[in-house]
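Protein chains in written order, with my numbering: chain G, 1 to 140; chain D, 1001 to 1140; chain W, 2001 to 2140; chain S, 3001 to 3140; chain P, 4001 to 4140; chain Z, 5001 to 5140.
Take a look at the structure below.
Number of protein chains: 6
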Amino acid sequence: MTKTKLVYITRKTHFNAAHRLYNPLFTDEENEVRFGKCANKNFHGHNFDLFVTIKGIADTQTGMVMDLRILKTVMQEYVVDKLDHKNINEDVDFMKGKMASIENLVAEIWNQLEPHISKGTLHCIKLCETDNQFVEYYGE
Amino acid sequence: MTKTKLVYITRKTHFNAAHRLYNPLFTDEENEVRFGKCANKNFHGHNFDLFVTIKGIADTQTGMVMDLRILKTVMQEYVVDKLDHKNINEDVDFMKGKMASIENLVAEIWNQLEPHISKGTLHCIKLCETDNQFVEYYGE
Amino acid sequence: MTKTKLVYITRKTHFNAAHRLYNPLFTDEENEVRFGKCANKNFHGHNFDLFVTIKGIADTQTGMVMDLRILKTVMQEYVVDKLDHKNINEDVDFMKGKMASIENLVAEIWNQLEPHISKGTLHCIKLCETDNQFVEYYGE
Amino acid sequence: MTKTKLVYITRKTHFNAAHRLYNPLFTDEENEVRFGKCANKNFHGHNFDLFVTIKGIADTQTGMVMDLRILKTVMQEYVVDKLDHKNINEDVDFMKGKMASIENLVAEIWNQLEPHISKGTLHCIKLCETDNQFVEYYGE
Amino acid sequence: MTKTKLVYITRKTHFNAAHRLYNPLFTDEENEVRFGKCANKNFHGHNFDLFVTIKGIADTQTGMVMDLRILKTVMQEYVVDKLDHKNINEDVDFMKGKMASIENLVAEIWNQLEPHISKGTLHCIKLCETDNQFVEYYGE
Amino acid sequence: MTKTKLVYITRKTHFNAAHRLYNPLFTDEENEVRFGKCANKNFHGHNFDLFVTIKGIADTQTGMVMDLRILKTVMQEYVVDKLDHKNINEDVDFMKGKMASIENLVAEIWNQLEPHISKGTLHCIKLCETDNQFVEYYGE
């Protein structure tokens, strides 16, 4: 075959964090109306699952797109260590001044990871907040 | 960054329903040949999982593509209430006169939901019949 | 060690079936009150997961409590073949005249399997109707 | 058969909450030593899964141990409504003055539910904090 | 609607196999550096999950893109029978002389299956090695 | 309440290993008859999930039965490090001379862990070989 073997490889990790949906520009009543119980002032939390997908051509010598041990280390250092057992509204530098929604979080995680993907291309980040709700982001 | 934050957000729900694969234009023998045990005249059933994906840009004030509480209500009213604890062949108006296959069902669920997606764009519907079998539909 | 190596070994299988909760001694209204949407006259259905646990001492020559290929065959012949793609109320001999509840079904599955467990002892049967609901039965 | 059909039936639910492990009688350093990142002062959180098991004899008329719609309502009112999207340390009356560990939480959930189980007997409560960690409590 | 009902249908299967990452052109030390514990000389193994997605238009008479019983048979004969309870490095003809990575394996599984897809088009193969790691291949 | 708060706490881990079922006292034909494809001479493998349950009374000061970080370390050192990415028949000291069945493996894992459980009592070890098959052992 003359195929290039363009493969998408995904590594999963997870972190446990607290957050709330709250916009300081809104009144408390407005926050309550827009975000309901997600606005609870003492926070609530989730077990987040994070899937990072790299797109690339399998190397003929190693059979691999990239060394997943490196990806695992990058994900741990630039994402999990900053989010695990933290409060997303209070403790996370790259979320300062932003709504702590999963839509914003997934885009910021992309920004954290992209400079450190040295082989292949960052293709997709999927972030699961509960079994019933998740977001995907392709860097657009 | 000048990215638009185009995010794909997915909400999952489920329903339990009965169905059978049976075409009244075929003889019973033909139905048996084409559909095997799925043609069983007294029906069989499944726990269906349904994933609805909306594509859109995260709002700067709320951090959200759309209010998922609204999506949840729409999915409940236009899909789950019509399918849960029902017989797809006998009880569901939008499946009348159609083969009760998951291929047809996923396309009809799209038609039920699309008019009610008021923010963002309906991107994909995924319908899982068993742990081993599912369909995806992008409205094409 | 002088332990006997008393091990509990479990094999899982699944089947897809239709049923309804309906007692012919009740009026339709009474059935509706007691069973709600589970009484739907055209049936609904589930993907059932079935776990069968055998208790026994690991054989020193084979390292096994029993040959699980035999257990798998027994489960297929006496349970799955009778329930898969069937209507529990209409098609299943050992459920005739009984309410098609999972409480009754798990006890009848015990009765079907027990005579065919030739090595070790039948310990527990677990029957899952949905991700949110399951029963366990120990033959008492 | 003369068996009594003693069945164990389990209903699952879930809630998302924040907590921290922190004993006010300890210094901050001591809390850090004993609880590590679980002591983070701005809290972290989890998606908790809760399984409640009732033990009882299947009724001959209904085929059921108890009406699970009632159990679902009881679980919602006395547990989920008090914990979902809350901070276990700050917002939950029955956890006031107690360490917010899952060991304590599962025992207090038992105390909340037991008075409201009107049919069958409360047998076990299982509380899952993450995919890797859970507790079970039998009321002893 | 004038939509063509272009549906993506996926069938899952699984196999249990042993492998190691080892390139005979490298020294043992080099293999150890590049592949770590995955190079263990006596092999290690996984429960692999395999998802095969076919893209096609639902037939108006049968409501189906293709007969999934045929797809199941093709997946069993050309993939599962050759990989299940085998050693990927030693026992599998189509992996001879290739690194036993999942990136290579998913591309070779594509080559095995594609000639036997008689209805619809092979769209994607997803191969999961662990809960934390999987690859996808679209035949490019 | 005067309850002692006797809680069962479970920690999960996993390892990927190769094995085969083969008794050197049997001929190859006998091994083939008794163990089928599990006897494949070049081995096969699995992703094993391991659940360790400790039974004990929640400490009033910490709210915990034991420090799960210690249990995690013990499980890693005495079990996972010896089994992960290994061949159970060839590489694992405590399985030397024993059939590499999960029934034997779960009992030997008990023997490895029990001396290192310093708080609470080792109650149960559950070892899952595939999604369809697992064993439990209570030290008897």
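Glycine included, C-beta positions come from ideal geometry on N, C-alpha and C.
- Contacts with chain S at 9 Å (Cβ-Cβ) do not include K98(G).
- A Cβ-Cβ distance of about 39 Å is found for the pair I2088(W) and T2004(W), leaving them out of contact under the 8 Å criterion.
- Around the beta-carbon of V33(G), fewer than 16 other beta-carbon atoms lie within 10 Å, marking it exposed.
- Its Cα nearest to that of N1047(D), the residue A2018(W) stands out among V2106(W), N2104(W), I2109(W), A2018(W).
- Listed along the chain, the chain G residues whose CB falls inside 9 Å of the CB of L1127(D) amount to none; the nearest CB is some 15 Å away.
- Within the same chain, R3034 come within 8 Å of F3026(S) by CB-CB distance, once the 5 residues on both sides are set aside.
- In this structure, M99(G) is the residue among T53(G), F94(G), M99(G) with its C-alpha nearest to the C-alpha of Q1061(D).
- Rounded to whole angstroms, the separation of the alpha carbons of I1125(D) and I1070(D) is 17 Å.
- Assignment of beta-bridge partners to R2011(W) by DSSP yields V2052(W), Q5133(Z).
- Take the alpha-carbon of D5081(Z) and the one of V2065(W): they are about 27 Å apart.
- Bounds of the alpha helix (DSSP H) holding T73(G) are 68 to 75.
- Here G36(G) is exposed: its Cβ has fewer than 16 other Cβ atoms, across all protein chains shown, within 10 Å.
- In chain order, K3055 place their CB closer than 6 Å to the CB of T3121(S), counting only its own chain and leaving out the 5 sequence neighbours on each side.
- Nearest neighbour of L1006(D) by Cα position, chosen from K1096(D), G1063(D), L1083(D), turns out to be G1063(D).
- By the C-beta density criterion, G3045(S) is buried, having at least 16 other C-beta atoms within 10 angstroms.
- Taking a Cβ-Cβ cut-off of 8 Å, T1121(D) has no neighbours in chain G, whose nearest Cβ is about 14 Å from it.
- When the five nearest sequence neighbours on each side are left out, the beta carbons in the same chain lying within less than 6 Å of the beta carbon of F5015(Z) are those of F5048, V5080, L5083, D5084, in order along the chain.
- When C-beta distances to chain W are compared with 7 Å, the residues of the region 1040 to 1052 of chain D below that value are N1040, N1042, F1043, H1044, G1045, H1046, N1047, in chain order.
- Annotation: the region 3058 to 3128 of chain S contains the following complete segments of the alpha helix (DSSP H) (minimum length 4 residues), in chain order: 3068 to 3075, 3088 to 3091, 3102 to 3113.
- The beta carbons of N1132(D) and K4012(P) sit closer together than 9 Å.
- Distance check between D2059(W) and each of N5042(Z), C5038(Z), I5102(Z), H5123(Z) places I5102(Z) closest, using alpha-carbon atoms only.
- The DSSP-derived three-state label of G45(G) is strand.
- Our two residues, V1135(D) and F3094(S), have alpha carbons roughly 45 Å apart in a direct line.
- Taking the beta carbon of T130(G) as reference, the chain S residues within 9 Å of it are H3014, N3016, N3047, listed in sequence order.
- For the pair C2128(W) and L2068(W), the CB atoms are not nearer than the 9 Å cut-off.
- Within the DSSP bridge table, the entry for A17(G) names H46(G), K86(G) as partners.
- Annotation: Cβ neighbours of G3036(S) in chain Z (cutoff 7 Å, chain order): R5069.
- Apart from the 5 residues on each side of it in sequence, N1031(D) sits with its Cβ closer than 7 Å to the Cβ of Y1022, N1023, A1039 in its chain, given in chain order.
- For E5140(Z), no alpha helix (DSSP H) run applies, since DSSP gives it neither H nor E.
- Under the Cβ criterion of 9 Å, D4091(P) is counted among the residues facing chain Z.
- At a cut-off of 9 Å between beta-carbon atoms, N5031(Z) makes no contact with chain P.
- Excluding the 5 residues flanking it on each side, N3111(S) has no same chain C-beta neighbour closer than 6 Å.
- Straight-line measurement puts the Cα of H4123(P) at about 15 Å from the Cα of V4074(P).
- The beta carbon of D1084(D) falls within 9 Å of a beta carbon belonging to chain W, placing the residue at that interface.
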